[in-house]
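Heads up: the structure comes next, in structure tokens.
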Amino acid sequence: MAVAPGTAERARHWDEVYQRLDETRVSWFEPEPAFSVALLDELGVGPGLSVVDIGAGAARLVDALLARGFGDLTALDVSDEGMAQARRRLGRNAGRVRWVAADVRSWHPGRRFDVWHDRAVFHFLTEPADRDRYLAVLAGALSAGGRVVIGTFAGDGPPRCSGLPVARYSPAALVSVLGDEFEVVRTCRQEHRTPAGVVQPFTWLAARRRR
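Counting along the sequence shown from 1, when you hit position 155 you're at 155 in full-length UniProt numbering, and nothing is skipped either side.
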């Protein structure tokens, strides 16, 4: 798969965001990834499974999973700046995570994962071709019977984030785009409060791959 169009521009954009703001000031900051962890628990995800966090940036899911004893963790982001903040925060524990600076739309993981988690990327893919690329990588990277947790802006969420347009999803729309290959375990709504006190509604989906 060739490098996806606009990769360099996306990397520069997110580099600039993280150079301007530390992790606790970005709108998506949460001190504890409670929804992510709850949905992983509902899918029966335990420390023996491999997890890739798509659009990890400086988010704290890796911290939470390391604390639970997970040993096969991969963090991916188009920009390394946010992940650098996470590595500094984790200190020596950063060596227990595989850090990948890549555009998920053209990523070649070279392996399969048991769990795919994404709270940060999918709603930024506003073009059908980009969504198709993402879903193709997901299909190739996820093991048979693998689990997926995806969070996106809800239908009444903001139309833009960090200066970029976003796609918004109802639970039914998110289920539809994932397709029949997956058995949906749960959809739910989160009203995330940003560090500035603004409420941003999210739609969450947890699913298992059928084969």
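All C-beta atoms in this analysis are idealised placements derived from N, C-alpha and C, irrespective of residue type, glycine included.
DSSP, reduced to helix, strand and coil, places Ala-144 within a strand of the structure shown. For Arg-112, the CB contacts under 7 Å within the same chain, skipping 5 residues up- and downstream, are Ala-141, Leu-142 and Ser-143 in chain order. Non-local beta-carbon contacts of Gly-110 in its own chain, meaning distances under 8 Å to residues more than five positions away in sequence, are absent. According to the DSSP secondary-structure assignment, Val-45 is paired through a beta bridge with no residue. Residues of the same chain with a CB within less than 6 Å of the CB of Val-97, apart from the 5 flanking positions on each side, are Val-62, Leu-73 and Ala-75 in chain order.
Around the beta carbon of Leu-138, a 10 Å sphere encloses 16 or more other beta carbons of the protein chains shown; the residue is thus reported as buried.
Per DSSP, Arg-12 is one residue of the alpha helix (DSSP H) stretching across 7–20.
Taken through DSSP and simplified to helix, strand or coil, Phe-153 comes out as strand. Of all alpha-carbon atoms in Phe-35, Ser-36 and Val-17, the one lying nearest the alpha-carbon of Ser-27 is that of Val-17. Measuring C-alpha to C-alpha distances from Val-104 to each of Thr-7, Gly-71 and Trp-204 identifies Thr-7 as the nearest. Between the segment 151–164 and the segment 195–210 there are three or more inter-stretch CB-CB distances shorter than 8 Å, so the stretches are counted as touching. Val-148 and Phe-124 do not touch by the CB rule: their CB atoms are close to 17 Å apart, not below 8 Å. The residues Ile-150, Thr-152, Thr-187, Thr-203 and Leu-205, in chain order, have a CB closer than 8 Å to that of Leu-174 in the same chain once the five nearest residues on each side in sequence are set aside. In the structure shown, Pro-201 adopts extended strand secondary structure according to DSSP, grouped into three states. Counted as a single uninterrupted DSSP element, the alpha helix (DSSP H) harbouring Glu-81 occupies residues 80–90. Annotated three-state conformation of His-123 is helix, per DSSP. Pairing Gly-91 with Ala-84, the inter-Cα distance amounts to about 11 Å. Burial state of Asp-22 is exposed, judged by a 10 Å Cβ sphere holding fewer than 16 other Cβ atoms. Check the Cα spacing between Trp-99 and each of Val-52, Val-45 and Glu-30: the tightest is with Val-52.
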